[in-house]
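Note that this note's numbering gives residue 244 to position 253 of the sequence shown, counting from 1, and the numbers run on in steps of one. The C-beta atom is built at its ideal place from N, Cα and C for all residues, glycine as well. Only a predicted model underlies this, so the values are computations on that prediction, with no experimental measurement involved.
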Amino acid sequence: MKTYVGIDFGACYIKAVKFSSQLRRVQPVKLNMNIAGNFALPSAIFYDKINGEVETKIGDAALTSADVDNKILRLTPKLAQKNWKKFIPNLEHEISADAALKDILTKIWRNISNQAARDENFDVTITVPAAFSEVQKKIIRRAAICADVPISTIVTEPFAEIFSREEIFQNDSAQIILIFDFGATTLDATLFQIKRTPKIFSVTQLSSATLNYGGVNVDDSILKNIFTTKYAAEVKIFGAELVRLIRQMKEEIFFDEEEISGGSLIDGKGKLHEFELTRQEIFSAIECDDVKEKIISLLDGVLDDAGIFPEEVTTVKVFGGTSSTDYFLEILENYFGAEIFDAAEIEREDLTLGAAIGAVKYRRLTDEENLRVKSKSVVPCGIYIQRGEKFLRCIKRNEIRGFVTPYKPIFVDELKKNKWRLSLYQSFCDEMEISAEGGAVFIGDVQLDSILYTSAQAILFKMRINAAGQVCLKFFEERKADGKAQIVFIEEKILSLGREHGRGKKET
């Protein structure tokens, strides 16, 4: 009998569920056997050294370790960087983000396997955040294979979340659905068009956008805007430990519908310090960050990119524990209308495990029930060329596949400085948020053949993304023929959305 496993690889937490064909129900999977009642595993790894042997620890054991030199936190953003590495003293060598990811997946899969029956046949689907590039997806797939995870596919969280709610894919009517996912580090809004026939389920991603504000930002805001005044002395004593307590109290208020939550910490002298947090204080902290205005701007952008009006959206589905609070539900109701979702259907398990649950249901529907899922989307990210410390946008986010840019210039002096190599990046951020330090995901390098070019000033290029999802660049040069200036094609480079050099066609 086949067992379907969904692993949600979020920016801060990793969660998993499984569906057994024999038991016919979805069950959460415990990824950290040492933490009671906790199904969310922090995305962290610690290379401990015990009796001269290195032992890898993941999750809470890694997060709480004071040895910062030998641990790696929040791994997924590091997968976006061009050559991220960290020297680990206990390993006595550097480790890349890819290798650390493989070590985490190895431990996770060992924990899952240890809870399984001996004859279970696994089929694993991994979900990743909406703002995950093809580069990061390929890295995760390679790491999963190296960790002996029997991976079948990788899908984005909003795509999987569609399948976590049965009323969506059982509806025969055409639907426009917004997935509103307030995660630990980002708020993702993704708009889908859904159509259903008896054996074909068509999913078209119309647009997507990400706000770099999540649950951890709410925690930091409470610390900064509420606790710094309310508990000034304790903030200096406990620091990050107090942030963890704030997170626990916040989640108790949100999930248990309490108006006030309390907690305590013991300092180095054995003195007990008690704390209280109210629902209104959380909302006050959020308002200090102008989050309401940012969310409305995010929704405006997503709908504008798709050419959709708010009244055309048939359903809004919320995910992530923070999104279920009255504060955010009210924003959505005011924007789309009071009937846009049924608040009574929102349950904690759906919010926190929705992507993993949806991944399992998606695989089971396409495998056991032979439901054909047709999926297509716009280009969800912008494509940029790095020019020194700046980035030149070539294709904007949510552009239709096949769109060809107008001619864009590159100065020859700049090319010579970079040895005729261009670095390409993807980004889900707004252009103003991108810098050499962050906001952009390295795709790969394109190496031009300098011998082909005669201009001393500038060359021109056009860019498009083809149906296969490859970045196609055509390079041109202005030359004179019969006394007239003409734009002449020189060479073409094709770059898959992964870390590799572009292969090209030369001038003929």
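(request) Using beta-carbon positions only, say whether residue 169 and residue 20 come within less than 8 Å of one another. (result) No, the Cβ-Cβ distance between residue 169 and residue 20 is not below 8 Å.
(message) As a quick exercise: from 351, 203, 445, pick the residue whose alpha carbon is nearest that of residue 419.
(response) Nearest of 351, 203, 445 to residue 419, Cα basis: 203.
(request) Apply the 10 Å Cβ neighbour rule to residue 196 and answer buried if 16 or more other Cβ atoms are within range, or exposed otherwise. (result) buried
(request) Using 10 angstroms around the beta-carbon of residue 3, count the other beta-carbons present and answer buried if the total reaches 16, otherwise exposed. (result) buried
(message) In the DSSP output, what is residue 172 paired with across the bridge?
(response) 179, 310
(request) Look at the alpha carbon of residue 319 and the alpha carbon of residue 313, and state the distance between them as a whole number of angstroms. (result) 8 Å
(message) Could you tell me the alpha carbon to alpha carbon distance between residue 266 and residue 91, rounded to whole angstroms?
(response) Here the C-alpha atom of residue 266 lies approximately 37 Å from the C-alpha atom of residue 91.
(request) Would you grab the beta carbon distance between residue 0 and residue 117 for me? Rounded to a whole angstrom, and I think it's under 8 Å. (result) About 6 Å separates the two Cβ atoms, so the contact holds.
(message) Would you call the stretch 257 to 271 in contact with the stretch 223 to 239, where contact means no fewer than 3 C-beta pairs closer than 8 Å?
(response) yes
(message) Please classify residue 349 as buried or exposed, where buried requires at least 16 other C-beta atoms within 10 Å of its C-beta.
(response) buried
(request) Return yes when at least one heavy atom of the ligand NAD lies under 7 Å from the C-beta of residue 410, else no. (result) Among the ligands in the structure shown, none appear at all, so the ligand NAD cannot be discussed.
(message) At the level of alpha carbons, what is the spacing between residue 6 and residue 103?
(response) 11 Å
(message) Give me, in chain order, the residues of the same chain whose beta-carbon lies closer than 8 Å to that of residue 357; leave out the 5 immediate sequence neighbours on both sides.
(response) 363, 364
(message) For a quick check, are the C-beta atoms of residue 433 and residue 450 less than 8 Å apart?
(response) Contact: no.
(message) Does residue 279 come out as helix, strand or coil in the three-state DSSP assignment?
(response) helix
(request) State buried or exposed for residue 176, treating a residue as buried only when at least 16 other CB atoms are found within 10 Å of its CB. (result) buried
(request) Please look up how many angstroms separate the CB atoms of residue 115 and residue -4, rounded, as I've assumed it's under 8 Å. (result) Confirmed, Cβ separation roughly 5 Å.
(request) Return the chain-ordered list of same chain residues with a C-beta closer than 6 Å to the C-beta of residue 229, the five sequence neighbours on each side being excluded. (result) 256
(message) Would residue 153 and residue 159 qualify as a contact pair, given that the criterion is a beta-carbon distance under 8 Å?
(response) yes
(request) Would you tell me roughly how many angstroms separate the C-alpha atoms of residue 135 and residue 88, rounded to the nearest one? (result) Put simply, the backbone Cα of residue 135 is about 13 Å away from that of residue 88.
(request) To the nearest angstrom, report how far apart residue 487 and residue 372 are at their CA atoms. (result) 14 Å
(request) Under 8 Å by Cβ, that's how I've got residue 412 and residue 440 pegged, so tell me the actual separation to the nearest angstrom. (result) Between residue 440 and residue 412 the Cβ distance is about 11 Å, and since that is not below 8 Å, they are no contact.
(request) Can you tell me which of the three DSSP states residue 392 falls into? (result) Correct three-state label for residue 392: coil.
(request) Could you pull out every unbroken beta strand (DSSP E) segment of at least 3 residues lying fully inside the stretch 156 to 243, listed in chain order? (result) 166 to 173, 178 to 187, 191 to 202
(message) In whole angstroms, give me the CA-to-CA distance for residue 339 and residue 258.
(response) Only weak support exists for where residue 339 lies, its pLDDT of 49 falling under 50; the value from the coordinates is given anyway. Distance between the alpha carbons of residue 339 and residue 258: 33 Å.
(message) I need the straight-line Cα distance from residue 62 to residue 48, nearest angstrom please.
(response) 9 Å
(request) Taking residue 385 as part of the beta strand (DSSP E), name the residues at either end of that continuous run. (result) Segment 381 to 386, the beta strand (DSSP E) holding residue 385.
(request) With a 10 Å radius around its C-beta and 16 neighbouring C-beta atoms as the bar for buried, classify residue 45 as buried or exposed. (result) exposed
(request) Would you mind giving the Cβ-Cβ distance between residue -2 and residue 347, rounded to the nearest angstrom? I have them listed as a contact below 8 Å. (result) 7 Å
(request) Rounded to whole angstroms, what's the CA-CA distance from residue 480 to residue 353? Just pull it up for me. (result) 45 Å
(message) For a test of the three-state rule: what should DSSP assign to residue 39, helix, strand or coil?
(response) Here residue 39 sits in strand by DSSP.
(request) Kindly indicate if chain B contains any beta-carbon less than 8 Å away from that of residue 415. (result) Looking at the structure shown, chain B is missing, and only one protein chain is on hand.
(request) Label residue 417 either buried or exposed according to how many other C-beta atoms from any shown protein chain fall within 10 Å of its C-beta, with 16 as the threshold for buried. (result) It counts as buried.
(request) For residue 137, name the three-state secondary structure that DSSP assigns. (result) Helix.
(request) Reducing DSSP to helix, strand and coil, say where residue 439 ends up. (result) coil
(message) Taking the alpha carbon of residue 73 as the reference point, which residue from 378, 405, 126 has its own alpha carbon closest?
(response) 126
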